[in-house]
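Visitor: Protein chains in written order, with numbering that gives the first Met the number 0: chain A, 0 to 301; chain B, 0 to 227. Cβ coordinates follow ideal geometry from the N, Cα and C atoms, glycine included. The structure under discussion is supplied below as structure tokens; questions concerning it will follow.
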Amino acid sequence: MSIRTFLYSLTQGINNFFKNRLMTIASVTTITASLFVVSMFYCIVVNLNFILEEFEQNIGIAIFFEEDVVENEILTLKNQLEARDEVFEINYISEEDAWKTFKEEYFKGREDLLKGFDNDNPLKGSASLQVLFSDISQQKVLVGLLQEEEIVRFVRESQEVTDIVQNVNSLVTYTSVVLIVILSIISLFIISNTIRLAIAIRKREIRIMRYIGAKSSMVRGPFLVEGIIIGLVGATIPVIVIYFFYDNVIQKISTEFFLLRDFLVFLPVEIIMAQLLPISLIAGVVLGYLGSRVTVGRYLKV
Amino acid sequence: MIRLENVTKLYPGSVKALDDVSFSIDKGEFVFIVGGSGSGKTTIIKAIMREIDITSGQLYVEGVDITRIRRSKVHKLRRNLGIVFQDFRLLNNRTVYQNVAFALKITETPRRTIRKTVPMLLSMVGLNKKANMKPSELSGGEQQRIALARALANNPPILIADEPTGNLDPQRSWEMMKLLQEINMKGTTVLVVTHDKEIVDAMKKRVIALRNGRVVKDMKRGDYVHEH
Chain A
0 MSIRTFLYSL TQGINNFFKN RLMTIASVTT ITASLFVVSM FYCIVVNLNF
50 ILEEFEQNIG IAIFFEEDVV ENEILTLKNQ LEARDEVFEI NYISEEDAWK
100 TFKEEYFKGR EDLLKGFDND NPLKGSASLQ VLFSDISQQK VLVGLLQEEE
150 IVRFVRESQE VTDIVQNVNS LVTYTSVVLI VILSIISLFI ISNTIRLAIA
200 IRKREIRIMR YIGAKSSMVR GPFLVEGIII GLVGATIPVI VIYFFYDNVI
250 QKISTEFFLL RDFLVFLPVE IIMAQLLPIS LIAGVVLGYL GSRVTVGRYL
300 KV
Chain B
0 MIRLENVTKL YPGSVKALDD VSFSIDKGEF VFIVGGSGSG KTTIIKAIMR
50 EIDITSGQLY VEGVDITRIR RSKVHKLRRN LGIVFQDFRL LNNRTVYQNV
100 AFALKITETP RRTIRKTVPM LLSMVGLNKK ANMKPSELSG GEQQRIALAR
150 ALANNPPILI ADEPTGNLDP QRSWEMMKLL QEINMKGTTV LVVTHDKEIV
200 DAMKKRVIAL RNGRVVKDMK RGDYVHEH
């Protein structure tokens, strides 16, 4: 495409965008609506995943040891575990720590009852390693390995909770992928139809251009530009709306579901935008381009 | 300039629109193609401008076998052909000036040249005073002259007019013919498709007569061939 054709396409495309107001509004509205639904869904999915991830990281296992095991052996195991990818965090809780926490939790305000235990630790032999996972699906494997270790007395795990979280997680992921795909296809269909209509209105002009010797790129150019602008505008509006209302909605949810406050951690709007903005803009450009490209092609065959 | 060799065009349903048609038109000629409806006149124009593909035979325009050019290169052929369509094919939402300028714009003519050329073309067809009007505000004859100005915009070596007098009263028809003759005198090859007997008889130009898709007569200075 020569520079002149490009400039012609650009000015003509922009002109058409403003001149065919009704068609433009219809197309932009359609794209905005479709991408708004997709974007909203995207926000929900991303946040749900984030919440589940956070939740996952709070489910861990506790490893308890045989009585004759010395602290050094436990710390060696701790170092070995720390090197593993699926381990997110590992804490050593010595017998003393365990007793201290126990005292604080159960004898707060009744310290007099503890007099008899002065130098005695009833929790002797209860030193443990608390393991949190970055990848919870690996829990089972690790527990299996640990149970074979000689120094390990038993491993307390929370497999049921883990299973539930994992199931919810994959359910959300699969459903969201399917829904986003379906919505995208529907959007593409609606958009290409809208643009098809916009071009059909001008098929006479396209034909005349061809009859009097216009290159294909010259005919196609303005429509592609127009399609891309429509796509871009249609993609920008939902992003702007989400940007300004995201915080409000989160605030609302947090107050409505007060009891779940500890579980409901949301991603900040900046992080959402960092992904949503490029995805939306690219989607808008691609949708606009494809929609007009396919449709103009039909009328070029004269 | 234009050469048809054994050109046959079958439309779906085996309708023979052109049946083994051969003739050639030299540079600078003024030729009438005559015949009743269904004789194949319009099909010839469509074939020459590659709006349709012929079924068999060869068709040369300016030495190029146009049956072999790719669709993406068709615009090059059409820039050599100025065509005045029977239905004018004007853009009704643009002014007279814009309609003519449009032809130059799409051939990527510099703006300065467009600003010089369009008024010249419009004064040649006598429409310079109506440059800012829309085609729909003008008469059929005037619309046709817009189409003529547009066809000539890119200075094509060949001008084709499809029934240029079809919608005109006798006086306007003559004016149009005079205009075409002037253009021909300047060296442009002119091909006029018509069924206007009076005009053909009076002009004394070469006449190629078609009937049922076949060439029935080709006369150097002929008359309209009557159908029997």
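Can you check whether the C-beta of B/ASN153 is within less than 8 Å of a C-beta belonging to chain A?
Guide: Taking the second sequence and counting its residues from 1, the one referred to as residue 153 of chain B is at position 154. It does: the Cβ of B/ASN153 has a partner Cβ on chain A nearer than 8 Å.
Visitor: How far does the alpha helix (DSSP H) with B/VAL56 in it extend, from its first residue to its last?
Guide: Position 57 of the second sequence holds residue 56 of chain B. Reading the sequence as shown, one finds Gly at residue 56 of chain B and not Val. Here B/GLY56 belongs to no alpha helix (DSSP H); instead the beta strand (DSSP E) covers 55-60.
Visitor: Taking the alpha carbon of A/VAL264 as the point to measure from, which residue in A/GLN146, A/THR172 and A/ASN48 has its own alpha carbon closest?
Guide: Sequence index remark: in the first sequence, residue 264 of chain A carries index 265 (1-based). Checking every option, the nearest Cα to that of A/VAL264 belongs to A/ASN48.
Visitor: Using only the alpha-carbon positions, how far apart do A/PRO277 and B/ILE47 sit?
Guide: Numbered from its first residue, the first sequence carries residue 277 of chain A at position 278. Numbered from its first residue, the second sequence carries residue 47 of chain B at position 48. Looking at the two C-alpha atoms, the distance is approximately 49 Å.
Visitor: Below 7 Å, is the gap between the Cβ of B/LYS45 and the nearest heavy atom of the ligand NAP?
Guide: Because no ligand of any kind appears in the structure shown, any question about the ligand NAP cannot be addressed here.
Visitor: Should B/ILE65 go down as buried or exposed, given a rule of 16 or more other Cβ atoms within 10 Å for buried?
Guide: Counted from its first residue, the second sequence places residue 65 of chain B at position 66. When all chains shown are included, B/ILE65 counts as buried.
Visitor: In the DSSP output, what is A/ARG155 paired with across the bridge?
Guide: Mapped onto the first sequence, residue 155 of chain A falls at position 156. Per DSSP, A/ALA61.
Visitor: Count Cβ pairs between the segment 116-123 of chain B and the segment 87-101 of chain B that sit closer than 8 Å; are there 3 or more?
Guide: Contact between the segment 116-123 of chain B and the segment 87-101 of chain B is present, because at least three Cβ pairs lie under 8 Å.
Visitor: Can you give the Cα-Cα distance for B/GLY81 and A/GLY212, rounded to whole angstroms?
Guide: In the second sequence, the residue the question calls residue 81 of chain B occupies position 82. In the first sequence, the residue the question calls residue 212 of chain A occupies position 213. Distance between the alpha carbons of B/GLY81 and A/GLY212: 9 Å.
Visitor: Between A/MET22 and A/SER191, what straight-line distance do the alpha-carbon atoms span, to the nearest angstrom?
Guide: Position 23 of the first sequence, counted from the first residue, corresponds to residue 22 of chain A. Position 192 of the first sequence, counted from the first residue, corresponds to residue 191 of chain A. Rounded to whole angstroms, A/MET22 to A/SER191 spans 13 Å at the Cα level.
Visitor: According to DSSP, is A/LEU304 part of a helix, a strand, or is it coil?
Guide: Lying outside 0 to 301, the shown extent of chain A, residue 304 of chain A is not represented and no answer is given.
Visitor: Which whole-angstrom value is the C-beta distance of A/ILE241 and A/SER26, which I expect to be below 8 Å?
Guide: Sequence index remark: in the first sequence, residue 241 of chain A carries index 242 (1-based). Sequence index remark: in the first sequence, residue 26 of chain A carries index 27 (1-based). About 20 Å; that fails the 8 Å criterion.
Visitor: Here's the rule: buried if 16 or more other CB atoms are within 10 angstroms of the residue's CB, otherwise exposed. What is B/ALA152?
Guide: For the purposes of this step, residue 152 of chain B is identified with residue 153 of the second sequence, where counting begins at 1. Its Cβ being crowded by 16 or more others within 10 Å, B/ALA152 is buried.
Visitor: Would you report the Cα separation of A/ASN118 and A/ASN78, rounded to the nearest angstrom?
Guide: Stepping through the first sequence from its first residue, residue 118 of chain A is reached at position 119. Stepping through the first sequence from its first residue, residue 78 of chain A is reached at position 79. So the two alpha carbons sit approximately 30 Å from each other.
Visitor: Counting only Cβ pairs nearer than 7 Å, list the residues of chain B close to A/SER1.
Guide: Start at 1 with the first residue of the first sequence, and residue 1 of chain A comes out as number 2. Chain B residues near A/SER1: GLU107.
Visitor: Give every residue of the same chain whose Cβ lies closer than 7 Å to the Cβ of B/HIS227, excluding the five residues on either side of it in the sequence, and list them in chain order.
Guide: Indexing the second sequence from 1 puts residue 227 of chain B at position 228. Legend: pLDDT at B/HIS227 = 43, less than 50; position of this residue unreliable, value from coordinates given subsequently. Excluding positions up to five away in sequence, the list is empty.
Visitor: With H, G and I counted as helix, E and B as strand and the rest as coil, what does DSSP make of B/GLY81?
Guide: As a first step, residue 81 of chain B must be located in the second sequence, where it is residue number 82. Here B/GLY81 sits in strand by DSSP.
Visitor: Just curious, the beta strand (DSSP E) that B/LYS8 is in, first and last residue?
Guide: Start at 1 with the first residue of the second sequence, and residue 8 of chain B comes out as number 9. Run containing B/LYS8: 1-10, per the beta strand (DSSP E) assignment.
Visitor: Given that a residue counts as buried once 16 or more other Cβ atoms are within 10 Å of its Cβ, and exposed if not, what is A/LYS114?
Guide: Here residue 114 of chain A corresponds to residue number 115 of the first sequence, with the count starting at 1. By the neighbour-count rule (16 or more Cβ atoms within 10 Å), A/LYS114 is not buried but exposed.
Visitor: Relative to the C-alpha of A/GLU94, which candidate in A/SER279, A/LEU275, A/LEU122 and A/VAL248 has its C-alpha closest?
Guide: On the first sequence, position 95 is the one that residue 94 of chain A refers to. Nearest of A/SER279, A/LEU275, A/LEU122 and A/VAL248 to A/GLU94, Cα basis: A/LEU122.
Visitor: Use the C-beta contact count for B/LEU179: other C-beta atoms within 10 angstroms, 16 or more gives buried, fewer gives exposed.
Guide: Working through the second sequence from its first residue, we reach residue 179 of chain B at position 180. Buried, since its Cβ has 16 or more Cβ neighbours within 10 Å.
Visitor: Counting contacts by CB-CB distance shorter than 8 Å, is A/ILE13 in contact with chain B?
Guide: Residue mapping note: residue 13 of chain A aligns to position 14 of the first sequence, counting from 1. No, no contact with chain B.
Visitor: What residue range is occupied by the uninterrupted alpha helix (DSSP H) comprising B/ALA146?
Guide: Taking the second sequence and counting its residues from 1, one reaches residue 146 of chain B at position 147. 139-151 is the extent of the alpha helix (DSSP H) around B/ALA146.
Visitor: I'd like the span of the alpha helix (DSSP H) that includes B/VAL117, first residue to last.
Guide: Counted from its first residue, the second sequence places residue 117 of chain B at position 118. Run containing B/VAL117: 110-123, per the alpha helix (DSSP H) assignment.
Visitor: Between the C-alpha atoms of B/ASP52 and B/GLY34, what's the straight-line distance to the nearest angstrom?
Guide: Here residue 52 of chain B refers to the residue found at position 53 of the second sequence. Here residue 34 of chain B refers to the residue found at position 35 of the second sequence. C-alpha separation (whole angstroms): 22 Å.
Visitor: Assign B/HIS227 to one of three DSSP states: helix, strand, or coil.
Guide: The residue labelled residue 227 of chain B in the question sits at position 228 within the second sequence. Note that B/HIS227 scores a pLDDT of 43, beneath 50, so its modelled location is shaky; the value from the coordinates is reported in the next line. Residue state, collapsed to three classes: coil.
Visitor: B/ASN154: buried (16+ other C-beta within 10 angstroms of its C-beta) or exposed?
Guide: If you number the second sequence from 1, residue 154 of chain B lands on position 155. By the 10 Å Cβ count, B/ASN154 comes out exposed.
Visitor: Smallest Cα separation from B/VAL191: which of B/ASN211, B/LEU147 and B/ASP19?
Guide: For this step, residue 191 of chain B is matched to residue 192 along the second sequence. Closest option to B/VAL191, Cα to Cα, is B/LEU147.
Visitor: Quick one: what's got a C-beta closer than 6 Å to A/TRP98's C-beta in the same chain, skipping five residues either side?
Guide: As a first step, residue 98 of chain A must be located in the first sequence, where it is residue number 99. Closer than 6 Å at Cβ, skipping near neighbours: ASN120 and LEU122.
Visitor: Can you tell me whether A/THR31 is buried or exposed? The criterion is at least 16 other CB atoms within 10 Å of its CB, across all chains shown.
Guide: Counting from one through the first sequence, the residue named residue 31 of chain A turns up at place 32. Buried is the call here.
Visitor: Looking only at its chain, what residues have a beta carbon closer than 8 Å to the beta carbon of A/PHE40, apart from the 5 residues adjacent to it on each side?
Guide: In the first sequence, the residue the question calls residue 40 of chain A occupies position 41. SER175, LEU178, ILE179 and LEU182.
Visitor: If you compare alpha carbons, which of A/GLU147, A/GLU103 and A/GLY283 is closest to A/ILE229?
Guide: Numbered from its first residue, the first sequence carries residue 229 of chain A at position 230. Closest option to A/ILE229, Cα to Cα, is A/GLY283.
Visitor: Just list the residues that DSSP pairs A/ASP119 with in beta bridges.
Guide: Within the first sequence, numbered from 1, the residue matching residue 119 of chain A stands at position 120. In DSSP, A/ASP119 forms no bridge with anything.
Visitor: Thinking C-beta only, is B/VAL214 closer than 8 Å to B/ALA160?
Guide: Taking the second sequence and counting its residues from 1, the one referred to as residue 160 of chain B is at position 161. Taking the second sequence and counting its residues from 1, the one referred to as residue 214 of chain B is at position 215. No. Outside cutoff.
Visitor: Can you say whether A/ALA156 is buried or exposed, counting buried as having 16 or more other CB atoms within 10 angstroms of its CB?
Guide: Looking up residue 156 of chain A in the first sequence gives position 157. Correcting the residue type first, residue 156 of chain A is Glu in the shown sequence and not Ala. Buried.
Visitor: Mind pulling the chain B residues with CB within less than 7 Å of A/MET217?
Guide: By 1-based counting over the first sequence, the position of residue 217 of chain A is 218. Correct list: ILE105.
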